[in-house]
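In what follows, a structure is listed as C-alpha cells, so that the remarks can point back to it.
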Ligand SMILES: Cc1cc2nc3c(=O)[nH]c(=O)nc-3n(C[C@H](O)[C@H](O)[C@H](O)COP(=O)(O)OP(=O)(O)OC[C@H]3O[C@@H](n4cnc5c(N)ncnc54)[C@H](O)[C@@H]3O)c2cc1C
C-alpha cells in the first residue's frame, strides 16, 4: 500500500512528483506508466537496431504563452541548471499551399517563449522524475485498465493499492477509451458510483465533454544531410494544412549526421477502433509519404535526401492536444475520494501545451500537500 499512486509519467505526472518533494511531502508514491519510459507526449522514440538513434516523435518543444513566473520559473530554472532544458531558438519557418517558403503561421504554440529538452525531449520528464527522489517507485510498461475504490483505498488492476490517486491522462475517465481501446466502461466511473462524491461526479461530467485533436505522425529516417541551414520546424499555413493534411514537419538531426524527420499528420475524422486502426495507420502512412515531397521543395538537400528516406512507421497520438476547454481547476482535487487530475487538459494558463501540463502539476502538488493524506 502506498500513500499516492500517480498514473502517467508525462510532463505533468513527473512534475507533480518533483513538486511534492520540493514541498517536503514524505509520503510513499507509486508511478505507473503504460509506455516504456517517462515522457508521454514529450517522449523520444528509440530504436532497437540503432542505439544512438533518438527521435522526438511527439512534441518537439515546450511552448509557453508567457514568460514563466514564480514556482514555474523556478522549475524551468532548475531544469536549465541541470542542462536538460535550453531556450528553443532553433528556426521555425512556414510553407504555403503552393509548397513555397513563407513566414510561420500565427499559432498559440509559437506565440511565446519555448524551451527544448536536451539531448532529447524525454530528458525533461526523466529529470523531473529524478527530482521526485527515492520515495517514488516507478513502473513502466504497465497500463492500468481497472480501478476500484472501497471507500478508503484505491485498487489499481487489482495489484496496486493506494490511499490517494492521481490521473495525469484522461483515458481512465473519458468515454473515448471505450471506442479506442475497446473497453466496456469508463474505469473511474465504475470505481465510484454516482452520488458518492459530488465533486468527482462534476469532474467526470466535464471530462466526458472534453475533446482532443488526433495526430498521425510519420517518422522517417533520412541519410546524412548537412543540417546547418535547415529549420527545426516547418509549419504549414492554414490553406496548406487543408490541402496536404499535415500540420508541420519537425527535423531532428542525429549524432551520426543522419536526419530524423517527423511529419505531423492531421486526422480526417475516420472512426478509430482496435479493428480499424491497422488500416488507418497504413492509409495515413501512404498519404503522408505522398504529401511530403511537395512540402520540402524549398529545401533542395531535403528533397534529394527524401529519395533515400526510410519509413519508421506512423505513431497515432489519440489525444495530441486538448481542444476548446478543459477541466475546471477547482475540480482538480476531489478530496472526499482522494482523486486528483493534472495535465495540459486542466483549465488555466498554458492550456493544451507543455506550460499548462507543468502549471497544473504545481497547482495539484499544493492541494495534495495541504490535504489530510500528508498527515497520516
Ligand atoms: C504531436 C504533438 C505535438 C505537440 N506539440 C507541442 C508543442 O509544439 N508545444 C507544446 O508545448 N506542446 C505540444 N504538444 C503537447 C504536449 O506534448 C503536452 O501538452 C504535454 O506533453 C502533456 O503532458 P501531460 O503530462 O499532461 O500528458 P501526457 O504526456 O499525455 O502524459 C500522460 C501519460 O499517462 C500515461 N497513461 C495514460 N493512461 C494510462 C493508463 N491507463 N495506465 C498507465 N499509463 C497511462 C500515458 O502513456 C502518458 O505517458 C504536442 C503534443 C503532441 C502529441
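Numbering (our numbering), first residue to last: 24 to 399.
Backbone N, C-alpha and C define an ideal beta-carbon position, used for all residues, glycine too.
query, result
"Contact between the region 197 to 215 and the region 323 to 336 (3+ Cβ pairs under 8 Å)", "no"
"Cβ contact check for the region 271 to 286 and the region 234 to 251: 3 or more pairs under 8 Å", "yes"
"Same chain, Cβ closer than 6 Å to residue 231, neighbours up to 5 away in sequence not counted", "198"
"Check: residue 331 C-beta below 8 Å from any heavy atom of ligand 1", "no"
"Residue 69 versus residue 218 - alpha carbon distance", "45 Å"
"Residue closest to residue 274, alpha-carbon to alpha-carbon, out of 355, 163 and 248", "248"
"Every unbroken beta strand (DSSP E) within the region 162 to 249, with a cutoff of 3 residues, ordered by chain", "170 to 172, 177 to 179, 183 to 190 and 234 to 245"
"Opening and closing residue of the alpha helix (DSSP H) in which residue 38 lies", "34 to 45"
"Residue nearest to residue 191 in terms of C-alpha spacing, selected from 382, 105 and 79", "382"
"Cβ-Cβ distance between residue 350 and residue 229 below 9 Å", "yes"
"Sequence-distant residues of its chain with Cβ nearer than 7 Å to residue 102 (five each side left out)", "108, 147 and 150"
"Sequence-distant residues of its chain with Cβ nearer than 7 Å to residue 344 (five each side left out)", "235, 236 and 375"
"Beta-carbon proximity of residue 40 to residue 152, cut-off 9 Å", "yes"
"Helix, strand or coil at residue 365 [DSSP, three-state]", "coil"
"Coarse secondary structure for residue 287, derived from DSSP in three states", "strand"
"Proximity test, residue 208 beta-carbon vs ligand 1 heavy atom, cut-off 8 Å", "no"
"DSSP three-state assignment for residue 99, whether helix, strand or coil", "helix"
"Secondary structure, alpha helix (DSSP H): runs of 4+ residues fully inside the region 371 to 397", "377 to 392"
"Any non-hydrogen atom of ligand 1 closer than 8 Å to residue 360 Cβ", "no"
"Simplified DSSP assignment, three categories, for residue 274", "strand"
"Beta-carbon gap between residue 362 and residue 223 smaller than 9 Å", "yes"
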